[in-house]
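Engineer:
In my numbering, the protein residues as written are 946 to 1040.
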């Protein structure tokens, strides 16, 4: 079994060069409410660590920043939970 590793910022640069129409969305507290984003057929969703967020190298490759609005007194969401919410919201079907 072969394993290949690549720094995420470099990998995202490759994606933007080979498929510029594919949006790269990054979860960020200052981003646009994910509930207002139209459903997407294709996208790359980047979730940062709960404590540090996205690295500068990754943030530089984003085409859009999105966020899940806070309700109540929760400080943050688990990264895996946030990824599930975002992916579900981006693939929803119109009513």
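For glycine and all other residues, C-beta sits at the position ideal for the given N, C-alpha and C.
Within a Cβ cutoff of 6 Å, which residues of the same chain sit near residue 1002, ignoring the five residues on either side of it in sequence?
Structural biologist: Correct list, in chain order: 954.
Engineer: So residue 999 packs on residue 973, CB below 8 Å; how close in whole Å?
Structural biologist: Residue 999 to residue 973, Cβ: 7 Å. Contact.
Engineer: Between residue 988 and the rest of its own chain, which residues show a CB-CB distance below 7 Å, the 5 nearest in sequence each way excluded?
Structural biologist: 967, 968, 970, 1035
Engineer: Suppose contacts are defined by Cβ-Cβ distances below 7 Å. Is residue 976 in contact with residue 1011 by that definition?
Structural biologist: yes
Engineer: Return the residue from the list 1007, 1017, 1009, 991 that minimises the CA-CA distance to residue 1030.
Structural biologist: Comparing Cα positions, the closest option is 991.
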